[in-house]
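Quick note on numbering: the sequence shown equals residues 6 to 195 in my numbering. Ideal placement from N, C-alpha and C gives every residue a C-beta, glycine not left out. A quick note: this is a predicted structure, and the numbers were derived from the prediction, not measured. Have a look at the structure below before the remarks.
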Amino acid sequence: MQLNRLVNFHKTLGDKTRLRIIALLKDGPLHGQAIAEKLGLKPPTISHHIAKLRDIDLIYQRRDKNTIYFYLHEKKLMQMAQAIVLLGSEDMFGAIEVDEEVKQKVIGNFLLANGRLKTLPAQRKKKLIMLEYMTKGLRTGKVYTEEDINNHIQQFYDDYATVRREWVMSHFMFREDGKYELNPREMWPV
6 MQLNRLVNFH
16 KTLGDKTRLR
26 IIALLKDGPL
36 HGQAIAEKLG
46 LKPPTISHHI
56 AKLRDIDLIY
66 QRRDKNTIYF
76 YLHEKKLMQM
86 AQAIVLLGSE
96 DMFGAIEVDE
106 EVKQKVIGNF
116 LLANGRLKTL
126 PAQRKKKLIM
136 LEYMTKGLRT
146 GKVYTEEDIN
156 NHIQQFYDDY
166 ATVRREWVMS
176 HFMFREDGKY
186 ELNPREMWPV
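In C-alpha coordinates:
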(Lines of atoms letter the chains of each structure in order from A and count residues from 1; the text may use other names and numbers.)
(Lines give C-alpha, C1' and ligand atoms only; values in the text may rest on other atoms or scores of the structure.)
Protein backbone atom coordinates (compact mmCIF):
# COMPACT_ATOMS: atom_id res chain seq x y z
CA MET A 1 0.00 0.00 0.00
CA GLN A 2 1.32 3.39 -0.84
CA LEU A 3 2.17 5.62 2.05
CA ASN A 4 0.42 8.55 0.32
CA ARG A 5 -2.87 6.62 0.23
CA LEU A 6 -2.59 5.90 3.94
CA VAL A 7 -1.90 9.55 4.74
CA ASN A 8 -4.81 10.71 2.54
CA PHE A 9 -7.12 8.19 4.21
CA HIS A 10 -6.32 9.50 7.68
CA LYS A 11 -6.49 13.14 6.60
CA THR A 12 -9.95 12.55 5.16
CA LEU A 13 -11.12 10.91 8.38
CA GLY A 14 -9.82 13.85 10.40
CA ASP A 15 -13.25 15.45 10.35
CA LYS A 16 -15.99 14.92 12.98
CA THR A 17 -18.83 14.99 10.45
CA ARG A 18 -17.22 12.28 8.31
CA LEU A 19 -16.66 10.10 11.36
CA ARG A 20 -20.29 10.58 12.33
CA ILE A 21 -21.39 9.59 8.81
CA ILE A 22 -19.28 6.42 9.05
CA ALA A 23 -20.84 5.63 12.43
CA LEU A 24 -24.34 6.01 10.94
CA LEU A 25 -23.53 3.85 7.92
CA LYS A 26 -22.14 1.06 10.13
CA ASP A 27 -25.77 0.33 11.05
CA GLY A 28 -26.77 0.01 7.38
CA PRO A 29 -27.28 2.05 4.22
CA LEU A 30 -28.90 5.47 4.31
CA HIS A 31 -29.83 8.08 1.74
CA GLY A 32 -28.40 11.59 1.89
CA GLN A 33 -31.53 13.24 3.27
CA ALA A 34 -31.70 10.74 6.15
CA ILE A 35 -28.03 11.34 6.99
CA ALA A 36 -28.61 15.12 6.92
CA GLU A 37 -31.63 14.83 9.23
CA LYS A 38 -29.86 12.54 11.72
CA LEU A 39 -26.85 14.86 11.90
CA GLY A 40 -28.84 18.10 11.80
CA LEU A 41 -26.98 19.35 8.74
CA LYS A 42 -28.02 20.59 5.31
CA PRO A 43 -27.95 18.15 2.35
CA PRO A 44 -25.21 20.08 0.46
CA THR A 45 -22.92 19.71 3.48
CA ILE A 46 -23.60 15.98 3.54
CA SER A 47 -22.94 15.76 -0.22
CA HIS A 48 -19.55 17.40 0.30
CA HIS A 49 -18.54 14.95 3.03
CA ILE A 50 -19.92 11.95 1.12
CA ALA A 51 -17.79 12.95 -1.90
CA LYS A 52 -14.67 13.05 0.29
CA LEU A 53 -15.42 9.60 1.71
CA ARG A 54 -16.15 8.26 -1.77
CA ASP A 55 -12.80 9.63 -3.00
CA ILE A 56 -10.97 7.33 -0.59
CA ASP A 57 -13.28 4.44 -1.53
CA LEU A 58 -14.73 4.18 1.95
CA ILE A 59 -18.34 4.40 0.86
CA TYR A 60 -20.18 3.38 -2.26
CA GLN A 61 -23.67 4.09 -3.51
CA ARG A 62 -26.56 2.19 -5.04
CA ARG A 63 -29.64 3.66 -6.63
CA ASP A 64 -33.10 2.38 -5.75
CA LYS A 65 -35.54 4.08 -8.15
CA ASN A 66 -35.03 7.81 -7.47
CA THR A 67 -33.13 7.42 -4.19
CA ILE A 68 -29.38 6.94 -3.81
CA TYR A 69 -28.34 4.90 -0.79
CA PHE A 70 -24.85 5.10 0.67
CA TYR A 71 -23.11 2.04 2.04
CA LEU A 72 -20.00 1.74 4.19
CA HIS A 73 -17.20 -0.29 2.61
CA GLU A 74 -16.40 -2.01 5.94
CA LYS A 75 -13.68 -4.27 4.59
CA LYS A 76 -11.83 -1.24 3.18
CA LEU A 77 -12.24 0.61 6.49
CA MET A 78 -10.70 -2.29 8.41
CA GLN A 79 -7.88 -2.72 5.89
CA MET A 80 -6.89 0.94 5.98
CA ALA A 81 -7.25 1.23 9.75
CA GLN A 82 -5.00 -1.83 10.29
CA ALA A 83 -2.41 -0.58 7.78
CA ILE A 84 -1.10 1.91 10.35
CA VAL A 85 -0.19 -1.01 12.62
CA LEU A 86 1.79 -2.59 9.78
CA LEU A 87 3.66 0.64 9.04
CA GLY A 88 7.29 -0.20 8.37
CA SER A 89 6.75 -3.96 8.36
CA GLU A 90 7.43 -6.22 5.40
CA ASP A 91 3.69 -6.63 4.82
CA MET A 92 3.19 -2.87 4.54
CA PHE A 93 5.80 -2.21 1.91
CA GLY A 94 6.05 -5.61 0.25
CA ALA A 95 9.67 -6.04 1.30
CA ILE A 96 11.66 -8.94 -0.08
CA GLU A 97 14.75 -10.46 1.41
CA VAL A 98 17.71 -10.81 -0.91
CA ASP A 99 21.25 -11.75 0.09
CA GLU A 100 24.22 -9.80 -1.24
CA GLU A 101 25.40 -12.61 -3.51
CA VAL A 102 22.08 -12.68 -5.35
CA LYS A 103 22.07 -8.86 -5.59
CA GLN A 104 25.54 -8.83 -7.15
CA LYS A 105 24.57 -11.51 -9.65
CA VAL A 106 21.44 -9.60 -10.73
CA ILE A 107 23.38 -6.33 -10.99
CA GLY A 108 26.04 -8.06 -13.11
CA ASN A 109 23.38 -9.51 -15.43
CA PHE A 110 21.68 -6.16 -16.09
CA LEU A 111 24.65 -3.80 -16.34
CA LEU A 112 26.73 -3.00 -19.38
CA ALA A 113 30.50 -2.58 -19.07
CA ASN A 114 30.07 1.21 -18.79
CA GLY A 115 27.83 0.86 -15.68
CA ARG A 116 24.54 1.62 -17.48
CA LEU A 117 21.53 -0.67 -17.43
CA LYS A 118 20.82 -2.85 -20.46
CA THR A 119 17.15 -2.78 -19.55
CA LEU A 120 14.98 -2.42 -16.48
CA PRO A 121 14.03 -5.95 -15.39
CA ALA A 122 10.40 -6.99 -15.65
CA GLN A 123 10.54 -9.37 -12.69
CA ARG A 124 9.73 -7.44 -9.51
CA LYS A 125 12.54 -8.84 -7.36
CA LYS A 126 15.20 -8.03 -9.96
CA LYS A 127 13.68 -4.63 -10.72
CA LEU A 128 13.83 -3.68 -7.03
CA ILE A 129 17.48 -4.69 -6.87
CA MET A 130 18.30 -2.50 -9.88
CA LEU A 131 16.23 0.40 -8.53
CA GLU A 132 18.18 0.20 -5.29
CA TYR A 133 21.46 0.09 -7.26
CA MET A 134 20.53 3.33 -9.05
CA THR A 135 20.12 5.18 -5.73
CA LYS A 136 23.93 5.10 -5.34
CA GLY A 137 25.19 8.63 -4.95
CA LEU A 138 21.93 10.02 -3.54
CA ARG A 139 22.02 11.17 0.08
CA THR A 140 19.38 10.64 2.73
CA GLY A 141 18.01 13.92 4.05
CA LYS A 142 18.82 15.90 0.92
CA VAL A 143 15.94 17.32 -1.13
CA TYR A 144 16.40 16.97 -4.89
CA THR A 145 14.67 18.77 -7.74
CA GLU A 146 13.13 16.72 -10.52
CA GLU A 147 15.93 17.88 -12.81
CA ASP A 148 18.56 16.67 -10.30
CA ILE A 149 16.86 13.28 -10.13
CA ASN A 150 16.57 13.05 -13.93
CA ASN A 151 20.28 13.80 -14.34
CA HIS A 152 21.19 11.23 -11.70
CA ILE A 153 19.08 8.52 -13.32
CA GLN A 154 20.46 9.24 -16.80
CA GLN A 155 23.87 8.09 -15.58
CA PHE A 156 22.31 4.62 -15.41
CA TYR A 157 19.29 4.55 -17.72
CA ASP A 158 17.66 6.79 -20.33
CA ASP A 159 14.02 6.37 -19.24
CA TYR A 160 14.26 8.59 -16.16
CA ALA A 161 10.48 9.09 -15.90
CA THR A 162 9.90 5.36 -15.41
CA VAL A 163 12.65 5.05 -12.82
CA ARG A 164 11.38 8.11 -10.91
CA ARG A 165 7.87 6.67 -10.85
CA GLU A 166 9.15 3.25 -9.76
CA TRP A 167 11.23 4.80 -6.97
CA VAL A 168 8.16 6.55 -5.57
CA MET A 169 5.81 3.58 -6.00
CA SER A 170 8.33 1.21 -4.41
CA HIS A 171 9.00 3.59 -1.48
CA PHE A 172 12.64 4.31 -2.27
CA MET A 173 11.71 7.99 -2.55
CA PHE A 174 9.09 10.46 -1.44
CA ARG A 175 7.82 13.06 -3.91
CA GLU A 176 5.95 16.26 -3.13
CA ASP A 177 5.57 19.40 -5.26
CA GLY A 178 8.24 18.25 -7.72
CA LYS A 179 10.78 17.70 -4.92
CA TYR A 180 12.27 14.29 -4.19
CA GLU A 181 13.82 12.85 -1.05
CA LEU A 182 15.09 9.37 -0.23
CA ASN A 183 12.92 7.51 2.26
CA PRO A 184 14.64 5.87 5.24
CA ARG A 185 16.18 2.50 4.30
CA GLU A 186 13.68 0.75 6.57
CA MET A 187 10.96 1.63 4.05
CA TRP A 188 12.85 0.27 1.07
CA PRO A 189 11.51 -3.02 -0.27
CA VAL A 190 14.97 -4.69 -0.49
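Since residue i is in the alpha helix (DSSP H), which residue starts that stretch and which ends it?
| i | result |
| --- | --- |
| Asp153 | Glu151 to Gln159 |
| Thr50 | Pro48 to Asp60 |
| Tyr165 | Tyr165 to Met174 |
| Thr72 | First-last for Thr72: Thr72 to Leu77, but that is the beta strand (DSSP E), not the alpha helix (DSSP H). |
| Asn114 | Glu105 to Phe115 |
| Gly37 | Gly37 to Leu44 |
| Ala28 | Lys21 to Leu30 |
| Lys141 | Looking at the DSSP string, Lys141 is not in any alpha helix (DSSP H), and its letter there is neither H nor E. |
How is the beta strand (DSSP E) around residue i delimited, first residue to last?
| i | result |
| --- | --- |
| Ile89 | From DSSP, Ile89 is part of no beta strand (DSSP E); its letter is neither H nor E. |
Compute the beta-carbon to beta-carbon distance between residue i and residue j, rounded to the nearest angstrom, for a pair I have assumed lies under 8 Å.
| i | j | result |
| --- | --- | --- |
| Arg23 | His54 | 5 Å |
| Val103 | Val12 | With 8 Å as the limit, Val103 and Val12 do not qualify as a contact, their Cβ atoms being about 28 Å apart. |
| Ala41 | Lys47 | 6 Å |
| Thr145 | Leu77 | Actually they are not in contact, since the Cβ atoms of Thr145 and Leu77 sit about 40 Å apart, beyond 8 Å. |
| Leu30 | Ile64 | 6 Å |
| Tyr185 | Tyr149 | 5 Å |
| Thr17 | Leu58 | 7 Å |
| Ile154 | Arg170 | 11 Å between Cβ atoms; not a contact. |
To which residues does DSSP link residue i through a beta bridge?
| i | result |
| --- | --- |
| Arg68 | Ile73 |
| Lys184 | Thr150 and Glu181 |
| Leu122 | Leu116 |
- Query: Are at least three pairs of beta-carbons, each pair with one atom in the region 67-76 and one in the region 104-124, less than 8 Å apart?
  - Reply: no
- Task: Specify whether the region 116-125 and the region 74-83 touch according to this definition: at least 3 beta carbon pairs, one from each stretch, less than 8 Å apart.
- Result: No, the region 116-125 does not touch the region 74-83.
- Task: Check whether the region 123-135 touches the region 179-191, taking contact to mean three or more Cβ pairs, one atom from each stretch, closer than 8 Å.
- Result: No contact exists between the region 123-135 and the region 179-191.
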